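The block underneath contains the structure these notes are about, expressed in structure tokens.
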Amino acid sequence: MTEPVVFKRSIAIAMLTMMRAIAPAIVAIGMLVGVSVFYGIPFGSHFMMLAVLVAILAPLIVRLPPVTSTQLVSRQGPTAAGLLFRWVVLLFMLLFIGYLTKFSADFSRRVIITWFLVTPVPLILLSLGLNEVMRRVMFAPSNARSAVFAGYNDVSFALADRLRKNPELCVSVDGFFDDRSAERLGLASEQNLLGGLPDLGPYVKEHGVEVIFVALPMRHVQRVLDLLEDLRDTTASIYYVPDVFVFDLIQSRTGEILGMPVVAMCETPFFGYRGVVKRMMDLGIASLALLVLLPLLLLVALLVKFTSPGPVIFKQRRYGLDGQEIYVYKFRTMTVTEDSGPIRQATVNDSRVTSLGRVLRRYSIDELPQLFNVLEGTMSLVGPRPHAIAHNEEYRKVIKGYMVRHKVLPGMTGLAQVSGCRGETRTVEDMQARIEYDLDYLRRWSPKLDLKIILKTALLLVNDRKAY
């Protein structure tokens, strides 16, 4: 349902689609001709060869993305930025080809530079204009498909409500079919009960319904099968809407494995290219941070060494990705190095903390060696904070979903820490609040969220009363 919303094809749609495909090449070639005329440079054979290259490459590189309902209702900023980026890529490809063929010397630098700078403006304006025309044509009422729901429950109501509030999806909801009465279901006036489930097939045939959403509970498998059998004599599109939202979903998505449909109910957010993006961010930022902070790290190491007995680096076992044990590095800030048995969390005015340790903990300087954890791949810059193994074993038994936080690398900082859940967890409720933020991070992860958390962490270091 997130693919192109137009199901009733028309000549206007076909023409607009073709225009969107060739618009970048037309604009680029037209601007090249215009700039050469403006400077009085003859449009000779070398410019003709450049125009041919643009005609071939522009539709492939500076192409507009396929039209989907989501793109047409979203802000135009990403579309403009994407076009600008693709235009730069096209120019670099043309320069590379010119370098290889030795033709680049034949062109006027003024013409090429001006062409490169001015072309994006009409290119973006025309593309956004075509998108707007396409949106108006595709969202026309004549393109809307009528839909009904088999089964009334929280899931079917929520989906119907979203379809009503988002007309750009071009789905018009007629009503619901359920074996229970409207009084028993508590339906409002706008939630039209059209009949029982046996009435669905005849209604679809009589009224030409185009889409059927089957929203019966998963436990009623036989009823779903019987209903699908009754609907085989119709041409309606049928979607099953599983009641999976009774579960706490993490990165839920649909897909297939060798042609078999599957629904991901609990998955890491770092699948596919997302994992690559996350790792590249970690390596880039951690490497830069280590380069800048190296003098500070060396100074702190010397101060720890000469101000109290014990190792400079305190290594403690924690749970990492998939619950595997890892060693987390910190500058030692206490007179003890607990790593087994019952572990007492640091408290305000804790007698175990050294004088230097109080300063290091106050500004989280003791955590900086974890940048090496990030480089070796056992931690990330942002993620759920790793807890001592003893605490993991304690809380996994009493907090639902506790171990799900280990589906990603633990982080030097996390959403919980910048949301106020930092420091000692005195009660199970304190830890529960922290876990809820950790799971929310898994659900909502994006590079932008990571950068936002890093920025908030930097601001917190200046005035964080929970650091002790």
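Sequential numbering from 880 applies to the sequence shown in the numbering used here. For each residue, glycine too, the CB sits at the ideal point set by N, CA and C. Given the structure is predicted, the values throughout are model-derived calculations rather than measurements.
Counted as a single uninterrupted DSSP element, the alpha helix (DSSP H) harbouring E1273 occupies residues 1268-1274. Contact between I1332 and T1292 is confirmed by a C-beta separation of about 6 Å, below the 8 Å threshold. Linking L1162 to P1001 through their CA atoms gives a straight-line distance of about 38 Å. Proximity to P1174 across P1265, A902, S1060, L1247 peaks at L1247, based on C-alpha coordinates. K1286: not part of any alpha helix (DSSP H); DSSP gives it neither H nor E.
G909 carries a helical assignment under DSSP once its states are collapsed to helix, strand and coil. 8 Å or more divides the Cβ of D1053 from the Cβ of S1035. When C-alpha distances from G1262 are compared across R965, L1004, Y1316, A1269, the shortest belongs to Y1316. Its Cα nearest to that of V1156, the residue S1259 stands out among S1259, R1132, L1250, R1231. CA-CA distance, V1297 to K1335, rounds to 6 Å. For the segment 1167-1248, the full-length beta strand (DSSP E) segments reaching 3 residues or more read 1192-1198, 1204-1210 along the chain. Here the alpha carbons of L1318 and I1129 stand approximately 8 Å from one another.
Counting along the chain, the unbroken beta strand (DSSP E) around D1053 starts and ends at 1050-1056.
Counting other Cβ atoms within 10 Å of its Cβ, N1271 reaches 16 or more and is therefore classed as buried.
Following the DSSP letters along the chain, one finds G1030 in no alpha helix (DSSP H), marked with neither H nor E. DSSP places I1278 outside both helix and strand once states are collapsed to three, so it counts as coil. In the structure shown, the three-state DSSP call for A1312 is helix.
For G1280, the closest of R1301, M1310, R1305 by C-alpha to C-alpha distance is M1310. Taken through DSSP and simplified to helix, strand or coil, F1036 comes out as helix.
In this structure, V1093 keeps its C-beta atom at 8 Å or more from the C-beta atom of L1104. Linking R1063 to Y1031 through their CA atoms gives a straight-line distance of about 11 Å.
Within the model, the alpha-carbon separation for M894 versus V1253 is close to 52 Å. Rounded to the nearest angstrom, the gap between the Cα atoms of L1235 and T1212 is 7 Å. Residues F982, D985, F986 of the same chain have their beta carbon placed closer than 7 Å to that of H925, with the five preceding and five following residues left out of the count. If you draw a straight line from the Cα of M897 to the Cα of E1108, it comes to about 41 Å. DSSP, read as helix, strand or coil, puts G1074 in strand. Contact annotation: V914 and W994 have beta-carbon atoms nearer than 8 Å. C1145 is bridged by DSSP to I1129. Between the alpha carbons of Y1118 and C1049 lies a gap of roughly 16 Å. Inter-residue distance for R1015 and T998 is about 26 Å (C-alpha atoms, whole angstroms). Per DSSP, V1088 is not a residue of any beta strand (DSSP E), being assigned neither H nor E. In the DSSP secondary-structure assignment, R1024 is bridged to V1050.
According to the DSSP assignment, L1294 belongs to no beta strand (DSSP E) but to the alpha helix (DSSP H) extending over 1294-1297. Sequence-distant partners of R1196 (beyond 5 residues in either direction) whose C-beta falls short of 7 Å from its own C-beta, in its chain, are E1204, Y1206, D1218, I1268. Exclusion of the five residues before and after P1265 leaves R1197, Y1198, G1199, V1207, P1289 as the residues of its chain whose Cβ lies within less than 7 Å of its Cβ.
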